[in-house]
Structure formats: C-alpha cells, structure tokens
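Participant: Top to bottom, those sequences are chains C and Y. Residue numbering for the first sequence is 1 to 374, as defined by this note's numbering. Residue numbering for the second sequence is 1001 to 1337, as defined by this note's numbering. Just so you know, even glycine gets a beta-carbon here, dropped at the ideal spot from N, CA and C.
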Amino acid sequence: MKKVIAALLVGVMTFSLVACGTQEGGSKTTTTEKTETTETTEDTAETNDATSSDLYDLAKYKSTKDKKDWTIAVVTKDNTANWFKRMEVGVNEFGEETGINVIQKGPANADAASQVQVIDDMINQGVDALCVVPIDPGAIEASLKNAMEKGIVVITHEASNQVNTLFDTEAFTAKDFGAALMDSLAKDMGEAGKYAMMVAYTTSTTHMEYANAEYEHQKEAYPNMELVNDGAIPTCESEESIDTAYERAKEVLKANPDIKGFTGVASTDCPGIAKAVEELGLDVKVVGVGTPNEFKPYVESGTISTVKLWDPKDSGYVMCKVASMILAGEEVGEGTDLGLDGYNSVAMVQGDNRCLIGQADITLTKENINDYDF
Amino acid sequence: MKKLKNLTKQSEFYVFIIIVVLSIIIQARSGLFFANNNIVDTVRSMIVPSIYALCALLSFVSTGPDVSFPLIAALSTYLALITTNALGMGESMVIVFVFAIVYGSIMGALNGIIIVKYKFPSLIVTLGTSSIFSGILLGAFEAERMDLPAGLQRMGKASLLSVKNAETGLGSTLPMTFLILVALYVITYLVLNYTMVGRGVYAVGGDEVSAERAGFNVKKIRFGVFTANGAIAAIGGVCYAVMSMRYLPTEYAGGEMIVIAAIVLGGTRMAGGVGTLKGCILGTLLLTMVSNSLILIGISVYWQKVFIGAIIIIGTAVSALQSYGASRVKSKVKEAA
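1) Per DSSP, which residues does C/Trp70 bridge with? Please list them.
2) Step through the CB atoms of chain C and report whether any lies within less than 9 Å of the CB of Y/Ser1068.
3) Based on DSSP bridge pairs, tell me the residues matched to Y/Trp1303.
4) Under 8 Å: do the region 294-301 of chain C and the region 361-371 of chain C share three or more Cβ pairs, one atom per stretch?
5) Using only CA atoms, which one of C/Leu185, C/Asn109, C/Gly95 lies nearest to C/Lys68?
6) So which residues on chain C does Y/Asn1038 lean against when the C-beta distance must stay under 7 Å?
7) Cβ atoms of C/Ala255 and C/Val289: under 9 Å apart, would you say?
8) Kindly indicate if chain C contains any beta-carbon less than 9 Å away from that of Y/Gly1156.
9) List, from N- to C-terminal side, the alpha helix (DSSP H) runs of 4 residues or more that fit wholly inside the region 154-233 of chain C.
10) Looking at C-alpha atoms only, which residue of Y/Ala1053, Y/Gly1298, Y/Phe1097 is the closest neighbour of Y/Thr1268?
11) Measure from the alpha carbon of Y/Ala1261 to the alpha carbon of each residue in Y/Met1107, Y/Val1238, Y/Lys1119, Y/Val1067, then state which is nearest.
12) Measure from the C-beta of C/Ile242 to each C-beta in chain Y and report whether the shortest distance is under 9 Å.
13) Tell me, please, whether the CB atom of Y/Val1301 is closer than 9 Å to any CB atom in chain C?
14) Measure the C-alpha to C-alpha separation of Y/Glu1167 and Y/Ser1030 and round it to an integer number of angstroms.
15) I'd like the ranges of any alpha helix (DSSP H) spanning at least 4 consecutive residues and lying wholly in the region 1186-1224 of chain Y.
16) For a contact meaning CB atoms closer than 8 Å, what does Y/Ala1143 contact in chain C?
17) Which bits of chain Y does C/Arg248 rub up against, with CB to CB less than 7 Å?
18) According to the neighbour-count rule (16 or more other Cβ atoms, all chains shown, within 10 Å of its Cβ), is C/Ala221 buried or exposed?
19) Measuring alpha carbon to alpha carbon, tell me which of Y/Pro1149, Y/Ser1172, Y/Gly1151, Y/Asp1147 ends up nearest Y/Ser1159.
20) Mind checking Y/Arg1213: buried by the 16 CB within 10 Å criterion, or exposed?
21) Can you name the start and end residues of the alpha helix (DSSP H) that Y/Arg1269 belongs to?
22) So the alpha helix (DSSP H) C/Val307 belongs to, where does it begin and stop?
23) Any chance the region 1141-1153 of chain Y sits against the region 1091-1106 of chain Y, with 3 or more Cβ pairs inside 8 Å?
24) C/Ser63 by DSSP, collapsed to three states: which one?
25) In chain C, which residues lie with their C-beta within 8 Å of the C-beta of Y/Thr1042?
26) List, in order along the chain, the chain C residues whose C-beta lies closer than 7 Å to that of Y/Asn1292?
27) Measuring CB atoms only, is the region 1244-1257 of chain Y touching the region 1276-1285 of chain Y, in the sense that at least three cross pairs come out at less than 8 Å?
28) Could you check where the beta strand (DSSP E) with Y/Gly1171 kicks off and where it finishes?
29) Along the chain, where does the beta strand (DSSP E) containing C/Gly358 start, and where does it finish?
30) Give me the subset of the region 188-210 of chain C whose CB atoms are less than 8 Å from a CB atom of chain Y, sorted by chain position.
31) Cutting at 6 Å between CB atoms, please list the residues of its own chain near C/Ser143, excluding the five before and the five after it.
32) On the criterion of 16 or more Cβ atoms from any shown chain inside 10 Å, does Y/Ser1011 qualify as buried, or is it exposed?
33) How would you call C/Asp337, buried or exposed, if buried means at least 16 neighbouring beta carbons within 10 angstroms?
34) Going by alpha carbons, who is nearest to C/Ala401 out of C/Ala200, C/Leu253, C/Asn124?
35) Quick one: is C/Ser27 near chain Y, going by C-beta distance under 9 Å?
36) Going along the chain, which residues of the region 1171-1189 of chain Y sit with their C-beta nearer than 8 Å to a C-beta in chain C?
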C-alpha cells in the first residue's frame, strides 16, 4: 500500500512539475492547474499534505487569525550592515502602516549555517510569514520547506533559484541589472580595456547572475573590453568582508596592472577594491553595488565612478506586502500593484520559483549621491 | 652535521622547506612573488593572524584549544571604542588599546575561571563564551560598522615603511601595527623562555601531575594563560580595526580555524606541551602566502579552497608523521628500559 502511495506521489509531483514548467507567464492558468493537482493529491492519499504541489497553493496560506495577531519575520544576511538597516526602515514602515507585527533578524555571522539557525528559531517561534534574504539558497531549502509544511508563508528576495518559496521578489531581473552595470562600467572606462569582477561568494546566486549577465552583455556590446583570466567568472571572492575584498583586489591588480575597470556586486566589495586602487595609485574605474553613505568618500574622490543599486527599504516593504497579501487571501501575480514606485505593476516570471519583478534600479554618481541617505 | 640532523627533527624545518618551494613556484609562475610590494603586502596580511596565533599557541601548549579569541577581539574592540568615544578621549590611540586590553583580560579571565575551577574542556568552554560574546556584541549592543576615533585613524594612515615596485609602479605600505606584532612576540618569547612562569606553561601542558609535583601552580598558570589570551586577542582586534580603518563587527568571527590550522602546521602539538613561536610564524606565513598568492598564479576561485585545504593536510601530515616517529623512538627506549 505504501509503495502505491509513494508511486502516486511521485506521479503527482512529476505532473505538477511538468504543469509548472510549461506555464511560462500566465498566472491564472497556473493557479487552476495547481488546484487541479491539489484535488488529485487529496483523492489519492489523504495523509499527504506535504507534497510539493500542495505547498505552492496560495489559498492554503490564508490566515484565520486577526490581522493584528500576524507576525511577519524578515531574516537578512547580516543585520549590522547598513544595507539591511535600511531594509529594516522599510519593514518597520510596513508594520506601522498596517498594524501587523514585523521583526527583522540577522545571523550573528554572515554565513549560511548561522542563517539556517535564525530561520529555524523563527519557525519555532511560530511566525506567520518568513521573508528571507538568503546567503546561500541551497543551504536553507530544507528549513524553508519545513516552514511551508507548517503553513508559514515563505517569501524570498535575491534568490531567483530558491525552490521552497511562494514568491521570490526582485527589484529587477538579474540580466537587466547585470547589463546596466556593464553599461555603466563601459561608459566610465571608455568602452575599451581589461576589467575584473568580484562577488561575495560563488554560491551567492544573484551575484553570480549579475556577473554572468555583465560578461554576456560585454561580449555582445563592447568587443574591445576584456575580462581578465580569459573570462573566468568571477575573478575573485570577497567573502562578505571589506578586508578580504581589499586583499583580493590588490592581488588581482598586481597580477594585472593594466586593468582599467573593476566591478563588485556585494556591498563589501567596492570599498575594498577602491581602497586597494587608491593605495596602489592606479587609474581604475570601480563600478558596483552598495549603499550611498558607505561609498560616498570614494565616489567623491572619483575612484568609485558609478554605484548601481535598488532601495533595500522598498525590498523589505515589498516582501512584507506580498506576505501579508497571501495571509489575507488576496491574489498575487502578474501585474499586481505592491504599492510602491517601481513595483506598481510587477512582472511574474516562472523559473525555479515564481518571481515577482519590479523596475526599481537606481544609478548614483558624484552628482546625485547626496540625495540618498542610508 | 649534528646540527643539521637536529634541524630535520623539527617540524618547523619541513614547513620552512614547503614555504621555500612554494615561493619559488609562485615566483616562477607569476614573476611577482619576490617583488618588494608583494613581500610587504604578505607581511601586512600576516599581522592580525600572527597575533591571534599567539593566543592559539599559548592555549594549546598549556591546556587545549581556545576558539574564543576572534570574538573577544571583536567585543573588546567595540567596548574600547564606545568607552573612548563616550569619555571623549578619541585623540589618544594608547587609551583605546588600554581599554581593549582591560576588557579583553576580563573576558579571558572568565574563560580561565570556568576552565580551571570546573575542569571543563577548554574547547567547550571557549565555544560557549564566544557564543555569549557574539550575542552580547550583536544582540545586546547591536554593534554596527563604525568609524574609528581620530587617534586610531591617524595610526591607520601612518605607515612604517612604504615601497614602490620600480617595474610595475605599484606601491605598498607596512602599517604601524607591525611594531605591535613584533613587541608581542618579543615579550612572549622572553616570558616563555626566560621565566619560571613561562617554563610552567610548557610543563603544565606536557604533564599536569608532574608539573604540580615539580612545584608549579597548575591552576594559576592556566588562569593566567587565558587572561593573557584575552588581552592579546583584544590587541589583535584593535589592530584589525586600525588596518581596515573601520570597525567591522561581523568580520572577526570565523578567523579561529585558519589560525589553529596555521599553528598546528607550525608544529604545535594539539595534545599540549609542544609548540614554538618560530613554528607559529612559519605556519601563519605559509597559510597567508598560499591564500594571498593563488590569484597571482591564476588559480580559479573554485580551486583555491581545494588548494588551501590540501596545504593544511599535507603540512600537518608532515609534522604529525615526524612527531609520530619521535614518540616511537621514545617508546622503544621505554621498552629497552
């Protein structure tokens, strides 16, 4: 009997996978497919409320509790970083606006294992929704699945390949952002010369997607530019540390003194790179992702020529908003208005997960960096 | 001849050979290793790990592993910075160090008390306290990245030595913290080799009972070692902040394992009683050199970790085999007797 149920489960799972795989874009049809599969599951085996098709049915997550009793937990990569402090502003703003309890927590060390622990703690505390910015999406899959099985709404940010999430929210597609980073770099370094790339960890999905998108765009649009080490992506890792970023950047610059540009996609990368560039006395344009206040000295001195970013305040707000909409049983999908500029009509892309994408990137240069304070 | 034979018995000697061979390989492949700016860079990267290595050495030699030093460093640096800021004494850099040493000693003493009084394994105790310190730092104080007071900033900007590579035009500077490193090693060397307390540190780690019978106060020595470790860690923590010109609370944790690997590479025996400062420096040099040169010789990011792991295992295996050989000789002597 058990074997039959197992076989049926496998069948249902495969079917749901196929169903999801073919439904690029059309959100409405996906939902109907989903309910169908849910029914099949219920017919075949009553005991299994844990099959993957079930887990993604938004209706299941509608909360019966009063709105005031909801708790939405936001788990970040590192709560001490200014980036996530800014996110907390958005999260708290959402809390004040709606009267929903919100908490933001980060791991003590910025590594995947510590983050798993924070997520598990939150699950045990019985939160209603978990919004996570993963350090390593692979490492937290099991915990997030566990959360969803317990009926907790799971929303992620910066993790387009996270499987166990109801929605991943992004300010823009990684491809567009990578291309925009490359456009800035190309413009600043005169569309010619060697450049290098830094990411936090090779396991940081979005960082790698930006890096790959940068390289693809460069090959297409800027044939006179060249990525060092024969196009190995990335050139080096900063391990989320400014000091490591500095040391690695210095090595890269020593090995390739003719470099003209450097990009760094973690908030720790560019300050480290800029410090190395200034110390070595080279003329290298640094373009990257980070917060205005931390980058201001280097932007004003001209070492960091362009900063690209999205506002983490909005990202925090948007994650909570999506979570609350699901808890309230509202529909979320293509074209949903999440109530913020850049997120007024989000696009939905079906990949490893359902991804909600806004058009919310910001470009900072010497001229406008003083307009942003975080 | 006899001298050479003695030399080959030390694991430091083998680490030294590995260092020489590797540096020649790196030089041959990149042509940059022996450049003056690269040498200064390597020394710069070694400063903080070498200071931590002292903590690891002292604890291994006398008692067992201490894994709390990165967090003692982080918390005491933070406390020292906020105290100096609150008292408005940011102009002086000495004051920050003094406060850090006081706070660090208190935290180290806490380790010492628990380990000595209750005879708990030092690994468990220091794991526990480092978790507590981390909680206090990031939970209670909600420490964040911050700028340094004026005195430390001046220290960070000042340089001891500035070199410029004539060929590539790339420069490098040696920070003032290098002097602190040298001073700490000289003091530790003198204490370990020329004082009764110093000899006691080795005696206690080698054989607790014999040391006690020989008249050493085992408890006092162990307590002292952990308190000193706290102070040394605190100095390392301030040095790290000075060198990165900012206080970065989350970047301290996680540094302990590579430091322990470095001193074990350098011949420190994990069972206690054996370990030298020379080995400490050589082990740290080897690991710093390897992790800082892989980009120079063009090894891809993905292979770098494999490479570092391999060096740790090979290096430790060499010294382990060598000390295994030594203990076999010893037991043979015993049998003969």
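Facilitator: Quick look at the numbers:
1) DSSP, once it has assigned bridges, lists no residue as partnering C/Trp70.
2) no
3) None, per the DSSP bridge assignment.
4) yes
5) C/Gly95
6) Lys254
7) no
8) no
9) 174-188, 205-221, 228-231
10) Y/Ala1053
11) Y/Val1067
12) yes
13) yes
14) 14 Å
15) 1196-1206, 1208-1213
16) Thr80
17) Ile1295
18) exposed
19) Y/Ser1172
20) exposed
21) Unbroken run through Y/Arg1269: none, as it is neither H nor E.
22) Unbroken run through C/Val307 is the beta strand (DSSP E), 304-310; no alpha helix (DSSP H).
23) yes
24) coil
25) Going along chain C, no residue has its Cβ under 8 Å from Y/Thr1042, so there is no contact; the nearest lies around 10 Å.
26) Glu247, Glu251
27) no
28) 1171-1175
29) Where C/Gly358 is concerned, there is no enclosing beta strand (DSSP E), given that its DSSP letter is neither H nor E.
30) Thr202
31) Val116, Ile119, Asp120
32) buried
33) exposed
34) Examination of residue 401 of chain C is not possible in this model, given that chain C is present from 1 through 374 alone.
35) Because C/Ser27 carries a pLDDT of 35, less than 50, the predicted location of this residue cannot be relied on, and the following value inherits that uncertainty. By this cut-off, C/Ser27 is not an interface position.
36) Gly1171, Ser1172, Thr1173
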